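**Q** My structure is below; once you've seen it, I'll send some questions.
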Amino acid sequence: MQYKIVILLLVLKVSPIGENLDVVEPTSPPPASKMSQETAVKQFIDLINSSSGSDPNRKAVTPAIATKFLLARKFDIPRAVALYEQHELIRSREGLYGFDPLVDPLRSELETGKFTILPGRDASGAAIALFTAQLHYPDIVTHKTTLQGVVYQLDVALQSADTQKAGLVFIYDMSTSKYSNFDYDLSQKILTLLKGGYPARLKKVLIVTAPLWFKAPFKILRLFVREKLRE
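In terms of mature numbering (1 follows the signal peptide of the UniProt record, and there is no 0), the sequence shown is residues -20 to -1, 1 to 211.
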């Protein structure tokens, strides 16, 4: 029942101050044929391998990994490579490698249900990711742990070929949340990750039932997202 209510909110209850950050993707080449896709995968791997040098922290790029990044950028190879480089930079900087979901503090973070991938999809087939603001307490959980929880579940969701192709809708549910639940810096980091640092096509960001105090920070976040869209 909870999931049905949330999905209904997605369709009907976007807050009246306009918190709907639609994502307009840059124009990309037409869909590639199977043969050209295989060529693109090979070129992508070659480019990544040639740029990584002897970096011991770099994982081997498999065709499956290459395909995820290429799908996220509609097989535009330069943009896919840039996405991969940004992805590696963010994961390294934020400590998003080598974590264990069965060990605290990440285990406790996952148990809160603060961030989750809903079992349903939107009308276009995109996966739906939900962040419940009232469950976030910035004074007791670090950005690192919260982002690890987000990335862990996104990694699992992106194992689906349907999600790789159809993309992701992100819902920031502010129902019954307070100002003490809001973390502006964390919001920026999540948006940066989803828009320009993760191999999932971000279709739309919806902010649901936002309180009046959110109007000012929302204007800043909207400008921030548009800046990322230009990149």
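For glycine and all other residues, C-beta sits at the position ideal for the given N, C-alpha and C.
In this text, all values refer to a predicted model and were calculated from it rather than measured experimentally.
Suppose only complete runs of 3+ residues qualify. What are the beta strand (DSSP E) ranges in the stretch 71 to 108, listed by chain order?
**A** List check, beta strand (DSSP E) in window: 95 to 101.
**Q** Counting along the chain, where does the beta strand (DSSP E) carrying valine 149 start and finish?
**A** Counting from one through the sequence shown, the residue named residue 149 turns up at place 169. From DSSP, the beta strand (DSSP E) with valine 149 extends over 148 to 153.
**Q** Between the alpha carbons of leucine 86 and glutamate 68, how many angstroms are there, rounded?
**A** For the purposes of this step, residue 86 is taken as the residue at position 106 of the sequence shown. For the purposes of this step, residue 68 is taken as the residue at position 88 of the sequence shown. C-alpha separation (whole angstroms): 20 Å.
**Q** My output table needs one value for valine 188: the three-state DSSP class, helix, strand or coil.
**A** Residue mapping note: residue 188 aligns to position 208 of the sequence shown, counting from 1. Strand, per DSSP.
**Q** Can you have a look at threonine 122 and say buried or exposed, based on whether 16 or more other CB atoms are within 10 angstroms of its CB?
**A** Locating residue 122 in the sequence shown gives position 142, where the first residue counts as 1. Label assigned to threonine 122: exposed.
**Q** Check the Cβ-Cβ distances between methionine 154 and every residue of chain C, and say whether any is below 9 Å.
**A** No chain C is part of this structure, which consists of one protein chain only.
**Q** Should leucine 148 and alanine 103 be called a contact, given that it needs their Cβ atoms to be closer than 9 Å?
**A** Numbered from 1 along the sequence shown, position 168 holds the residue referred to as residue 148. Numbered from 1 along the sequence shown, position 123 holds the residue referred to as residue 103. Not in contact: leucine 148 and alanine 103 (Cβ atoms no closer than 9 Å).
**Q** Could you say if the stretch 127 to 135 and the stretch 167 to 177 meet the contact criterion of at least three C-beta pairs nearer than 8 Å?
**A** Yes, they touch.
**Q** Alpha carbon to alpha carbon, how far is lysine 158 from proline 99?
**A** Counting from 1 along the sequence shown, the entry for residue 158 is found at position 178. Counting from 1 along the sequence shown, the entry for residue 99 is found at position 119. Those two C-alpha atoms are separated by around 27 Å.
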